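Down below is the structure, laid out as structure tokens.
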Amino acid sequence: MISYTLLEFDELISTSDFLKENQTYFPHMTIVRANHQTKGRGQFDRKWESNPEENLLFSVLLKNMNVSKMFDIKRWIVSSIISYLQKKNIDVYFKEPNDLYVLEQKLCGILIETQSNSNIFDYVIIGIGLNVNQTEFDHPHATSLGLLLNQTVNINHLFEDIIKMLIENYEQLT
97 MISYTLLEFD ELISTSDFLK ENQTYFPHMT IVRANHQTKG RGQFDRKWES
147 NPEENLLFSV LLKNMNVSKM FDIKRWIVSS IISYLQKKNI DVYFKEPNDL
197 YVLEQKLCGI LIETQSNSNI FDYVIIGIGL NVNQTEFDHP HATSLGLLLN
247 QTVNINHLFE DIIKMLIENY EQLT
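Per my numbering, the sequence shown runs over residues 97 to 270.
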């Protein structure tokens, strides 16, 4: 099983931006988690709405991955999170280009950013924002695990379980 480095913060501007700015200092499979992001973002720099300490916000750094693995990287992340949520009886589906939905409501956003100068990515940063205990949203088509399950979800246990699933499924990627 692959090892990983975990960094946790109370607050960051963005877990993905933190990794992007500091990726040279961190090894492959570094995971950065924050309890709050002051400028979380999605695709096209859209704002990712998240109340402090109510959602799961983290990014994963992969290094020296072959560019040909991009589809596999996306499939690894999406299928791992979907598998975990389905085990919790959440009927979730992937909606292109980068979101997980339940019915017509957004539950999770996934943002993949890369840099490469050849056929090898210098880095791949995968940002994940999963709505967990937030109950009110500015966006009318958003939901959370807490709303779907009608209970408060332990974010730390959820994070541990999702990371375990990602690490277990990583072998399919290599």
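Backbone N, C-alpha and C fix where the C-beta goes; we use that ideal spot for every residue, glycine too. Fair warning: this is a prediction, and the values are worked out from it, not measured in the lab.
Short of 6 angstroms in beta carbon distance, which residues of its chain neighbour residue i, apart from the five on each side in sequence? Order them along the chain.
i, result
"Asp168", "Leu269"
"Arg129", "Glu104 and Phe154"
"Leu181", "Val188"
"Gln211", "Asp218 and Tyr219"
Apart from the five residues just before and just after residue i, which ones in its own chain have a Cβ nearer than 7 angstroms to its Cβ?
i, result
"Ile254", "Residue 254 is actually Leu in this sequence, not Ile. Within the same chain, Leu254 has close Cβ partners Leu152 and Val228."
"Gly242", "Val228, Asn229, Thr231, Thr248 and Val249"
"Ile263", "Met97, Ile98 and Tyr100"
"Val198", "Ile186, Asp187, Val188, Thr239 and Leu244"
What's the C-alpha gap between residue i and residue j?
i, j, result
"Ile98", "Ile109", "28 angstroms"
"Thr231", "Ser240", "7 angstroms"
"Lys165", "Asn131", "30 angstroms"
"Asn252", "Asp218", "30 angstroms"
"Tyr121", "Glu107", "20 angstroms"
"Lys183", "Met261", "11 angstroms"
"Leu115", "Glu192", "24 angstroms"
"Phe190", "Leu226", "13 angstroms"
"Met161", "Glu256", "24 angstroms"
Quick one: is residue i buried, meaning 16 or more other Cβ sit within 10 Å of its Cβ, or exposed?
i, result
"Leu245", "exposed"
"Ile258", "buried"
"Gln133", "buried"
"Asp113", "buried"
"Phe140", "Low confidence applies here, because Phe140 scores a pLDDT of 47, under 50, leaving its location unreliable; read the following figure in that light. The residue is exposed, with fewer than 16 neighbouring Cβ atoms inside 10 Å."
"Asn147", "exposed"
"Asn194", "buried"
"Glu117", "exposed"
"Glu150", "buried"
Rounded to the nearest angstrom, how far is the Cβ of residue i from that of residue j, given a contact under 8 angstroms?
i, j, result
"Leu221", "Ile173", "The identity of residue 221 in the sequence shown is Ile, whereas the question assumes Leu. Contact flag wrong, Cβ pair sits at about 11 angstroms."
"Ile333", "Cys204", "Residue numbering for the chain in the displayed model covers 97 to 270; residue 333 lies beyond these limits and cannot be assessed."
"Val249", "Asn215", "Contact flag wrong, Cβ pair sits at about 41 angstroms."
Can you list, in chain order, the residues of its chain whose CB lies under 8 angstroms from that of residue i, leaving out five sequence neighbours each side?
i, result
"Ile273", "One cannot answer for residue 273 here, as it falls past the ends of the chain, which runs 97 to 270."
"Asn265", "Trp172, Ser175, Ser176 and Ser179"
Using beta-carbon positions only, say whether residue i and residue j come within less than 8 angstroms of one another.
i, j, result
"Leu287", "Ile177", "Since the first residue of the chain shown is 97 and the last is 270, residue 287 is not available in this structure."
"His237", "Glu200", "yes"
"Lys46", "His124", "Because the chain here runs from 97 to 270, residue 46 falls outside it and cannot be looked at."
With a threshold of 8 angstroms between beta carbons, is residue i in contact with chain D?
i, result
"Asn151", "No chain D is present in this structure, which holds just one protein chain."
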